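Here the structure comes first, spelled out in structure tokens, and everything after it is commentary.
In my numbering, the protein residues as written are 148 to 437.
Structure follows, in structure tokens:
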């Protein structure tokens with residue numbers, strides 16, 4: 148029996164293997180989350196130096212990307228060996244500390260790995276073996292990386308949102324989640340809806356209520372789900388974001404003046420809409436109809 152037939156006929160095995168794959172991808176996502184903002188900062192410094200006709204800082208001349216240099220402990224510089232980079236297991240065995248200097252390892256690393264595995268397993272369970280699951284996994288992992296970056300840096304990189312947008316339109320050509328007209332309209336309406344809110348808020352208050360990355364992310368979500376689910380995504384993200392922000396103010400005494408990234412809530416709502424948008428929309432329409 149071919150491996151594809153085995154996975155198609157064994158849902159439990161497919162879910163299990165997808166979870167393992169998700170854990171491994173989660174380890175790579177941690178690299179993306181850590182390095183992509185630094186790569187962007189280096190690029191900006193280089194552009195500024197070029198504009199001002201100044202030399203590029205020496206510290207920015209060494210190769211630095213998602214592959215080079217090798218990952219190391221930020222405290223002692225110890226190069227991470229393969230045995231120290233097993234998703235979740237290495238963190239548990241090392242008790243959350245560097246094997247060389249015993250410095251603490253951020254809890255972000257196992258959390259991202261575990262979340263990647265869990266979400267991947269849910270995608271496999273919901274969609275089963277096939278192209279929709281493969282596309283949804285890429286969608287899921289991209290949203291996870293973008294969400295953590297936005298949460299940490301209040302930044303949604305074009306390197307993630309724009310490829311996700313174009314991939315969503317490409318997936319629509321295959322008709323996996325939305326037809327092409329719905330995807331194109333979803334991308335346009337997604338971008339313009341938040342852009343309109345942004346412009347209105349700026350005119351009324353003189354402040355910027357959100358970043359352009361949010362517009363691009365909602366455009367990407369609209370391309371994947373189609374315009375029919377944009378209202379659901381906006382309502383879900385706004386509701387969860389408001390509750391989360393209120394909880395931070397009440398229980399963590401967060402300053403209300405400190406901006407809170409909206410990207411993670413958009414991403415969570417878009418992920419839910421892709422997998423369960425149909426039943427949610429149906430329930431919402433039934434409620435409106437009384």
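Beta carbons are placed, not taken as given, at the ideal position from N, Cα and C, and that holds for glycine.
Values in this document were obtained by computation on a predicted structure and should not be read as measured data.
In the three-state reduction of the DSSP assignment, residue 219 falls in the strand class. Separation of residue 278 and residue 284 (C-alpha to C-alpha, rounded to the nearest whole angstrom) is 10 Å. In the three-state reduction of the DSSP assignment, residue 209 falls in the coil class, being assigned neither a helical nor a strand state.
Under the 10 Å beta carbon count, residue 253 is surrounded by fewer than 16 other beta carbons and is classified as exposed.
The segment 287 to 306 and the segment 321 to 332 do not touch, with fewer than 3 CB-CB distances between them shorter than 8 Å. Counting only runs that start and end inside the segment 228 to 278, the alpha helix (DSSP H) elements of at least 4 residues fall at 236 to 240 and 255 to 274.
Inclusion of residue 312 and residue 370 in the CB contact set at 8 Å is warranted, their separation being smaller than that value. As a beta-bridge residue in DSSP terms, residue 226 pairs with 219. Pairwise C-beta distances place the segment 168 to 175 in contact with the segment 246 to 264, as three or more of them are shorter than 8 Å.
Taking the Cα of residue 358 as reference, the smallest distance to any Cα among 350, 374 and 341 is reached at 341.
For residue 354, there is no enclosing alpha helix (DSSP H), as DSSP gives it neither H nor E. Within the same chain, and ignoring the five residues on either side of residue 207 in sequence, the residues whose Cβ sits closer than 8 Å to its Cβ are 189, 192 and 193. By the neighbour-count definition (other C-beta atoms within 10 Å, threshold 16), residue 383 is a buried residue. Residue 267 sits away from residue 180, with the two beta carbons spaced by 8 Å or more. In this structure, DSSP gives residue 359 a helical state, which the three-state scheme calls helix.
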